[in-house]
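Take the position in the sequence shown, starting the count at 1, then add 72; the result is the number in the numbering used here.
Every residue gets a Cβ at the ideal spot worked out from N, C-alpha and C, and that includes glycine.
Below is one structure, written out as structure tokens; the observations come after it.
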Amino acid sequence: MAIFARDSGFGLAGGRSGRTRLLHRRLPGGPRGNVGAGMAGKVWLIGAGPGDPSLVTARGREVLGRADVVLYDALSHPGLLEACRPDAEVRNVGKRGGKESPSQAWITEQLIELARAGKVVARLKGGDPLLFARGAEEAEDLARAGIPFEIVPGVSSPVAASAYAGIPLTHREVSSSVTFITGSDREGVEWTEDAWKRLATATDTICILMGMRRLEQIARALVAGGRAETTPVAVVQWAARPEQKVLVSTLGRVSADVAARGITNPAVVIVGEVVRLRDALRWYDRAPLFGKRLLVPRPAHQAKTTAQAIYERGAEPVVFPVIEIGDPADAAPFRRAVTTLASYDWVLFTSANGVERTFAELACEGRDARAFGGAKVGAIGPGTAAALAAHGVRADATATEYVGEGLAKTILERGGVRRALLLRAQEARDALPDLLRKSGAVVDVVAAYATRRASVSRGAELARLFEERAIDAALFTSSSTVDGVFELLGPRAKELLAGTTLACIGPVTQGTLEKHGLSPTVVAAEYTIQGLLDALATHYAARH
Numbered sequence: 073m074a075i076f077a078r079d080s081g082f083g084l085a086g087g088r089s090g091r092t093r094l095l096h097r098r099l100p101g102g103p104r105g106n107v108g109a110g111m112a113g114k115v116w117l118i119g120a121g122p123g124d125p126s127l128v129t130a131r132g133r134e135v136l137g138r139a140d141v142v143l144y145d146a147l148s149h150p151g152l153l154e155a156c157r158p159d160a161e162v163r164n165v166g167k168r169g170g171k172e173s174p175s176q177a178w179i180t181e182q183l184i185e186l187a188r189a190g191k192v193v194a195r196l197k198g199g200d201p202l203l204f205a206r207g208a209e210e211a212e213d214l215a216r217a218g219i220p221f222e223i224v225p226g227v228s229s230p231v232a233a234s235a236y237a238g239i240p241l242t243h244r245e246v247s248s249s250v251t252f253i254t255g256s257d258r259e260g261v262e263w264t265e266d267a268w269k270r271l272a273t274a275t276d277t278i279c280i281l282m283g284m285r286r287l288e289q290i291a292r293a294l295v296a297g298g299r300a301e302t303t304p305v306a307v308v309q310w311a312a313r314p315e316q317k318v319l320v321s322t323l324g325r326v327s328a329d330v331a332a333r334g335i336t337n338p339a340v341v342i343v344g345e346v347v348r349l350r351d352a353l354r355w356y357d358r359a360p361l362f363g364k365r366l367l368v369p370r371p372a373h374q375a376k377t378t379a380q381a382i383y384e385r386g387a388e389p390v391v392f393p394v395i396e397i398g399d400p401a402d403a404a405p406f407r408r409a410v411t412t413l414a415s416y417d418w419v420l421f422t423s424a425n426g427v428e429r430t431f432a433e434l435a436c437e438g439r440d441a442r443a444f445g446g447a448k449v450g451a452i453g454p455g456t457a458a459a460l461a462a463h464g465v466r467a468d469a470t471a472t473e474y475v476g477e478g479l480a481k482t483i484l485e486r487g488g489v490r491r492a493l494l495l496r497a498q499e500a501r502d503a504l505p506d507l508l509r510k511s512g513a514v515v516d517v518v519a520a521y522a523t524r525r526a527s528v529s530r531g532a533e534l535a536r537l538f539e540e541r542a543i544d545a546a547l548f549t550s551s552s553t554v555d556g557v558f559e560l561l562g563p564r565a566k567e568l569l570a571g572t573t574l575a576c577i578g579p580v581t582q583g584t585l586e587k588h589g590l591s592p593t594v595v596a597a598e599y600t601i602q603g604l605l606d607a608l609a610t611h612y613a614a615r616h
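Given below as structure tokens:
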């Protein structure tokens with residue numbers, strides 16, 4: 073499944089929001105999994121949470137993974153679509169105020185028709201399905217139509233907005249009550265001024281959803297109802313996302329301040345003394361990488377874990393694979409090597425890709441980790457060791473310095489090596505086998521996979537991201553990602569990359585970047601993704 077651009081799960085070409093522009097697509101992939109045409113289907117109303125895709129419940133992600141059709145709202149994070157089955161049909165049915173959108177009646181008709189056709193349908197709704205999300209209306213229509221359904225709760229947007237802004241909704245010394253209210257009724261006509269006046273002093277904290285269009289009138293009514301003009305107000309836009317903005321103001325000034333900052337929907341307005349606690353409690357937008365857009369040019373299958381690590385630091389991953397992993401030019405030597413793993417003293421891996429390809433080949437032969445027999449297994453770093461552990465193999469040696477020389481040194485310190493097998497990329501440095509051979513070892517070097525460049529047709533798309541300054545930093549996790557980016561950008565590569573923070577995972581990748589005529593801004597001290605993000609965070613923290 074494509075993770076980037078128009079089928080994006082983690083980032084999008086153009087625009088800072090990361091919101092998908094996809095209207096309707098069928099994902100390619102394996103066999104259909106519906107319950108059968110003509111049989112009773114089912115609808116799941118799933119709360120997508122407020123923004124951060126990791127906030128969806130475990131139950132919600134599980135149901136997404138077995139749905140035949142997914143209908144999702146505009147405010148549900150596109151990264152959640154990565155949990156869908158590869159062959160699921162995915163439809164954007166999001167409604168946005170002031171824009172042409174599917175009607176609620178049409179959406180409900182789709183749910184009923186799909187379920188009657190025997191489909192398992194996931195209705196993915198931003199926040200919680202039953203809090204200002206019209207989930208109850210959809211459930212009522214499903215019940216009247218005799219369609220089985222279940223509701224999966226989600227983290228509501230006001231609860232998440234307050235948490236990610238560092239503003240508690242209640243506090244023993246400040247607020248013992250909270251009201252959630254929408255800025256418009258079911259016909260789109262705002263509540264009367266008198267209603268807002270009555271609310272003004274009836275509760276300590278007021279959370280207003282869908283109230284941005286009449287924020288000035290609402291603030292004025294609350295003041296007229298007894299709230300002081302100096303009452304603190306926070307407006308949280310795009311809560312729990314890297315593009316989150318938080319404006320702190322007062323009832324007397326909030327409308328003018330919002331206009332000056334250009335803050336619009338989607339936003340939650342929080343009114344009350346609890347807003348004063350933000351300075352002490354804010355955490356999300358204080359992270360050094362908060363709001364940064366980081367280019368991830370890794371292969372798609374590796375980018376998911378990298379993207380998750382980036383999200384956890386409050387940044388936005390822009391996944392744009394410039395290379396892909398495939399079979400080596402001649403796969404026969406690799407297949408033969410996998411049948412003889414147990415005949416070696418050491419079997420060495422210099423990447424997680426080599427591990428995955430090896431176990432995929434073993435699976436094809438109906439074999440598993442026992443194929444290694446008494447051979448010791450070496451890993452170039454913790455990422456590779458973790459990939460081995462996922463298949464039930466604990467690395468006997470993991471390099472302390474995550475390069476080929478480091479692995480050779482670690483193995484030689486453990487004693488002599490008679491015969492070793494190195495399973496690696498088709499094109500790679502020879503430092504590791506050369507050092508082992510100098511010690512007297514026989515080393516068989518076998519290509520387990522090959523890296524191939526992305527289609528050059530995507531060069532213009534990548535160039536546009538840099539032209540529009542939509543990338544704050546590029547994460548180079550291997551020499552091949554460096555080469556891939558330069559190949560796609562062509563003769564303008566140095567010009568386009570100028571002004572962008574260039575982060576290299578280690579000295580080998582740094583050397584490749586320098587061969588292209590550019591110096592890295594950041595080089596990780598620990599040659600891992602987390603080490604790279606740590607180094608980047610230190611860089612940005614120092615700048616500020």
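Buried versus exposed call for residue i [16 or more other C-beta atoms within 10 Å across all chains shown]
i: residue 156; result: buried
i: residue 635; result: In this structure the chain extends from 73 to 616, so residue 635 is not present and cannot be described.
i: residue 576; result: buried
i: residue 279; result: buried
i: residue 390; result: buried
i: residue 302; result: exposed
i: residue 124; result: buried
i: residue 310; result: buried
i: residue 616; result: exposed
i: residue 608; result: buried
i: residue 430; result: buried
i: residue 402; result: exposed
i: residue 605; result: buried
i: residue 268; result: buried
i: residue 91; result: For residue 91, the predicted model reports a pLDDT of 31, less than 50, meaning its position is unreliable and no value from the coordinates is stated.
i: residue 472; result: exposed
i: residue 116; result: buried
i: residue 149; result: buried
i: residue 514; result: exposed
Collapsed DSSP secondary structure at residue i in the structure displayed
i: residue 323; result: coil
i: residue 527; result: coil
i: residue 109; result: Unreliable positioning characterises residue 109 in this predicted model, as indicated by a pLDDT of 40, which lies under 50. The coordinate reading is nonetheless provided below. Of the three classes helix, strand and coil, the one that applies to residue 109 here is coil, per DSSP.
i: residue 140; result: coil
i: residue 286; result: helix
i: residue 315; result: coil
i: residue 576; result: strand
i: residue 436; result: helix
i: residue 219; result: coil
i: residue 237; result: helix
i: residue 412; result: coil
i: residue 491; result: strand
i: residue 516; result: strand
i: residue 464; result: coil
i: residue 119; result: strand
i: residue 304; result: strand
i: residue 204; result: coil
i: residue 469; result: strand
Residue range of the beta strand (DSSP E) that includes residue i
i: residue 498; result: Segment: none, residue 498 is in no beta strand (DSSP E) and carries neither H nor E.
i: residue 195; result: 192 to 197
i: residue 63; result: Given that the chain is displayed from residue 73 to residue 616, the structure contains no residue 63 and the question cannot be resolved.
i: residue 254; result: 250 to 254
i: residue 450; result: 448 to 451
i: residue 163; result: 161 to 164
i: residue 178; result: From DSSP, residue 178 is part of no beta strand (DSSP E) but of the alpha helix (DSSP H) over 176 to 188.
Unbroken alpha helix (DSSP H) run spanning residue i, endpoints
i: residue 476; result: 476 to 485
i: residue 454; result: 454 to 461
i: residue 152; result: Where residue 152 is concerned, there is no enclosing alpha helix (DSSP H), given that its DSSP letter is neither H nor E.
i: residue 603; result: 601 to 615
i: residue 553; result: 551 to 561
i: residue 310; result: Unbroken run through residue 310: none, as it is neither H nor E.
i: residue 267; result: 265 to 272
i: residue 569; result: 565 to 569
Can you confirm whether the region 564 to 573 touches the region 525 to 544 when touching is taken to mean that 3 or more C-beta pairs between the two stretches lie within less than 8 Å? yes
Is it a yes or a no for the region 131 to 150 touching the region 184 to 198, going by three-plus beta-carbon pairs under 8 Å? At 8 Å Cβ cutoff, the stretches touch.
Touch check for the region 353 to 371 and the region 393 to 404: three-plus C-beta pairs under 8 Å? Remark: three or more beta-carbon pairs, one from each stretch, lie closer than 8 Å, so the region 353 to 371 and the region 393 to 404 are flagged as touching.
With three or more C-beta pairs closer than 8 Å as the rule, is the region 518 to 531 touching the region 551 to 570? The answer is yes - the region 518 to 531 touches the region 551 to 570, with three or more Cβ pairs under 8 Å.
3-residue-minimum beta strand (DSSP E) runs that sit fully inside the region 353 to 429, ordered along the chain: As for any beta strand (DSSP E) of minimum length 3 sitting wholly inside the region 353 to 429, the runs are 365 to 368, 388 to 391, 395 to 398, 418 to 421, ordered along the chain.
Can you find at least 3 beta carbon pairs, one from the region 379 to 386 and one from the region 403 to 416, that sit closer than 8 Å? no
Three or more beta-carbon pairs under 8 Å between the region 208 to 223 and the region 238 to 254, yes or no? As far as the Cβ criterion goes, the region 208 to 223 does not touch the region 238 to 254, which means the pair count is below three.
If we count Cβ pairs, one from each stretch, closer than 8 Å, do we get three or more for the region 510 to 530 versus the region 424 to 440? yes
Contact the region 447 to 454 vs the region 479 to 497: 3+ CB pairs below 8 Å: Using a C-beta cut-off of 8 Å, the region 447 to 454 makes contact with the region 479 to 497, since at least three inter-stretch Cβ pairs fall below that distance.
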